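Residue numbers for the sequence shown follow the numbering used here, so the first one is 7 and each next one is one higher. Virtual Cβ for every residue (Gly too), placed ideally from N, Cα, C. Every value quoted in this text rests on a predicted model; they were computed, and no experiment measured them.
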Amino acid sequence: MSTHAREPIGVIGTGYVGLVTAAGFAELGSDVYCIDIDAAKIQGLNEGRIPIWEPGLADLVERHRDRLHFSTDLSDALEHARLLFVAVGTPPTYSGDADLSAIEAVVAAMPASDRHALVMKSTVPCGTGDSIKRTFREQGKEGFRYVSCPEFLKEGSAVKDFLQPDRVVIGDDGDWAGEAVAELYSPLDAPVVRTDIKSAEMVKLASNAFLATKISFINEIANVCEETGADVVEVARGMGLDDRIGPKFLQAGIGYGGSCFPKDVSALKQLAGNSGYHFQLLNAVIEVNELQKRRVMSKLQKHLGSLVGKEVALLGLAFKPNTDDMREASSLVLSARLQAAGAKVRAYDPVAEAEARKLLQGVDFVASAEAAVEGADAVVLVTEWPEFAELDLRAVAESMRGTLLIDGRNFLDPEAAAAAGLAYEGVGRPSVAARPSIAEAAV
Ligand SMILES: NC(=O)c1ccc[n+]([C@@H]2O[C@H](COP(=O)([O-])OP(=O)(O)OC[C@H]3O[C@@H](n4cnc5c(N)ncnc54)[C@H](O)[C@@H]3O)[C@@H](O)[C@H]2O)c1
Numbered sequence: 007m008s009t010h011a012r013e014p015i016g017v018i019g020t021g022y023v024g025l026v027t028a029a030g031f032a033e034l035g036s037d038v039y040c041i042d043i044d045a046a047k048i049q050g051l052n053e054g055r056i057p058i059w060e061p062g063l064a065d066l067v068e069r070h071r072d073r074l075h076f077s078t079d080l081s082d083a084l085e086h087a088r089l090l091f092v093a094v095g096t097p098p099t100y101s102g103d104a105d106l107s108a109i110e111a112v113v114a115a116m117p118a119s120d121r122h123a124l125v126m127k128s129t130v131p132c133g134t135g136d137s138i139k140r141t142f143r144e145q146g147k148e149g150f151r152y153v154s155c156p157e158f159l160k161e162g163s164a165v166k167d168f169l170q171p172d173r174v175v176i177g178d179d180g181d182w183a184g185e186a187v188a189e190l191y192s193p194l195d196a197p198v199v200r201t202d203i204k205s206a207e208m209v210k211l212a213s214n215a216f217l218a219t220k221i222s223f224i225n226e227i228a229n230v231c232e233e234t235g236a237d238v239v240e241v242a243r244g245m246g247l248d249d250r251i252g253p254k255f256l257q258a259g260i261g262y263g264g265s266c267f268p269k270d271v272s273a274l275k276q277l278a279g280n281s282g283y284h285f286q287l288l289n290a291v292i293e294v295n296e297l298q299k300r301r302v303m304s305k306l307q308k309h310l311g312s313l314v315g316k317e318v319a320l321l322g323l324a325f326k327p328n329t330d331d332m333r334e335a336s337s338l339v340l341s342a343r344l345q346a347a348g349a350k351v352r353a354y355d356p357v358a359e360a361e362a363r364k365l366l367q368g369v370d371f372v373a374s375a376e377a378a379v380e381g382a383d384a385v386v387l388v389t390e391w392p393e394f395a396e397l398d399l400r401a402v403a404e405s406m407r408g409t410l411l412i413d414g415r416n417f418l419d420p421e422a423a424a425a426a427g428l429a430y431e432g433v434g435r436p437s438v439a440a441r442p443s444i445a446e447a448a449v
């Protein structure tokens, strides 16, 4: 794709969203002035180091080195660009509300100006735009424009999602800034939803809450399947062919994680509560997800009894494949529960080990799936990295001490696992006992 020279922009915050947005707009032809308060990150980016693992991102940044400018100095962006995309973090507070302190710092750092606009990419509660505009007015910066442009990219396919989005949502006050943002996105062949700021903010929260609901829904169906003997994979296949339902986000597993769903669902629940509305459905979505991570423990205990002294191998740690993001990963809860129950945990992840080491205590990290399973009483597949589909299950069975394989993502073939000598436990599908090999059976 690309490109004649296009409007230069600023991007404040160079994390997953900021860096992908910056590289994406550089691909569309803009000079992009990227600002972050993390000096080490900016230095690394200036030296060509990409701080996150995201397919295609390093190539895109490298290709547009001359259009991408990295600095800790906000004035670089203010001087060259009138649109300042904000992509700073909005993590949850202890109460489950969104922590807007990074956003507030950005707003406070803006000068009075009739020439600039903030374009909000960070996920914020509905009403944040109003309160930022009020702050601008109180500080004599009423000339500063504001646009809500929520981001829908998915880690693991973020570059593709930027360049081929399902939709672009732009909420604005009908001034030049909304038009300018629409013009920036115009080379992309995507439906554009032009709306008011509050509705744009709500589109983002409602979308993530709906996806999380779909996951918790199929997980509850999976739990009922376990009681009734149905297979949730078959059930989801049958359901997903109904085009009112669709097949996506109907994969039962050990719960959703990541930097977005848990915090955005909780933030929407709190937002509703703060406005006096009790959002009952979201309470259940959150609770089902928490319980789902813990169901692995009862499956382990069903087969192994007490877990004291047992060795458990975790395959995959990231919250999903193709990312090194460990935020709210199911592996965090699982490894803590396992160790609390007395088990020893060995773990392997193809790319998330460095991030995982910062968050997981007492875990023995190893460099391959083969090393993880050696001598293990049980193996739990936590993240469905493609390389685990290639595992030699017979070799796995031979190198383990026990035979239990818990497939937390319904990723492996139960029959192949059983034929290899493994006792297979998926999520919402019948257990399959290990089948002795022909040689063993003949003895
Ligand atoms: N990660 C995703 O998949 C995703 C998808 C859609 C939306 N979002 C939303 O986008 C926002 C950013 O998420 P992320 O995952 O990219 O976060 P991140 O933590 O990866 O990156 C945030 C960056 O902002 C920087 N920062 C913090 N305060 C700053 C300030 N005052 N000035 C300049 N830089 C500052 C941090 O140093 C960090 O580099 C969040 O609101 C998130 O909910 C994330």
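Put residue 310 into one of helix, strand or coil per three-state DSSP.
-> Residue 310: helix per DSSP, three-state reduction.
Any non-hydrogen atom of ligand 1 within 7 Å of residue 108 CB | yes
Is the CB-CB distance between residue 89 and residue 187 below 8 Å?
-> yes
Within 7 Å: the Cβ of residue 111 and any heavy atom of ligand 1?
-> yes
Let me know if residue 1 comes out buried or exposed under the rule of 16 or more other beta-carbons within 10 Å of its beta-carbon.
-> A question about residue 1 goes unanswered here, because the residues of the chain that appear run from 7 up to 449.
Three CB pairs or more closer than 8 Å across the segment 230-244 and the segment 370-377 = no
N- and C-terminal bounds of the alpha helix (DSSP H) containing residue 387 = No alpha helix (DSSP H) contains residue 387, which is instead part of the beta strand (DSSP E) from 384-387.
Would you mind giving the Cβ-Cβ distance between residue 381 and residue 409, rounded to the nearest angstrom? I have them listed as a contact below 8 Å.
-> Between residue 409 and residue 381 the Cβ distance is about 13 Å, and since that is not below 8 Å, they are no contact.
Per DSSP, residue 193 forms a beta bridge with which residues?
-> In DSSP, residue 193 forms no bridge with anything.
Quick one: what's got a C-beta closer than 8 Å to residue 363's C-beta in the same chain, skipping five residues either side?
-> Counting only Cβ-Cβ distances below 8 Å, and skipping sequence neighbours, we find 371.
Straight-line Cα distance separating residue 330 from residue 442 = It is roughly 37 Å from the alpha-carbon of residue 442 to the alpha-carbon of residue 330.
Can you give the Cα-Cα distance for residue 167 and residue 322, rounded to whole angstroms?
-> 24 Å
If you draw a straight line from the C-alpha of residue 449 to the C-alpha of residue 360, how long is it?
-> Residue confidence for residue 449 is low, a pLDDT of 48 falling below 50, so the modelled location carries little weight; the figure read from the coordinates is stated next. Distance between the alpha carbons of residue 449 and residue 360: 46 Å.
For residue 37, is the classification buried or exposed, using 16 other Cβ atoms within 10 angstroms of its Cβ as the cut-off for buried?
-> The residue is buried, with at least 16 neighbouring Cβ atoms inside 10 Å.
Kindly indicate which residue of 35, 316 and 438 has the alpha-carbon position closest to the one of residue 237.
-> 438
Is it the case that the CB of residue 212 approaches a heavy atom of ligand 1 more closely than 7 Å?
-> no
Does at least one heavy atom of ligand 1 sit under 7 Å from the Cβ of residue 137?
-> Checking every heavy atom of ligand 1 against the Cβ of residue 137, none is found closer than 7 Å.
Reference residue 377; option with closest CA among 341, 56 and 317 | 317
Using a threshold of 8 Å, state whether the C-beta atoms of residue 154 and residue 206 are closer than that.
-> Yes.
So does residue 23 have its beta carbon nearer than 7 Å to some heavy atom of ligand 1?
-> yes
Residue 129 (DSSP reduced to helix, strand or coil) = DSSP, read as helix, strand or coil, puts residue 129 in coil.
Kindly give me the distance between the Cβ atoms of residue 83 and residue 41, rounded to whole angstroms, as I take these residues to be in contact under 8 Å.
-> The pair is a contact, with the Cβ atoms about 5 Å apart (cut-off 8 Å).
Beta carbon of residue 129: closer than 7 Å to some heavy atom of ligand 1?
-> yes
Grab me the residues of residue 118's own chain with a C-beta within less than 7 Å of its C-beta, minus the 5 sequence neighbours each way, in chain order.
-> 146, 147 and 149
Check whether the Cβ atoms of residue 348 and residue 310 lie closer than 8 Å to each other.
-> Going by C-beta atoms, residue 348 is not nearer than 8 Å to residue 310.
So, helix, strand or coil for residue 96, using DSSP?
-> Residue 96 sits in coil when the DSSP states are folded into three classes, being neither helix nor strand.
For the beta strand (DSSP E) containing residue 175, list its first residue and its last residue.
-> 174-177 is the extent of the beta strand (DSSP E) around residue 175.
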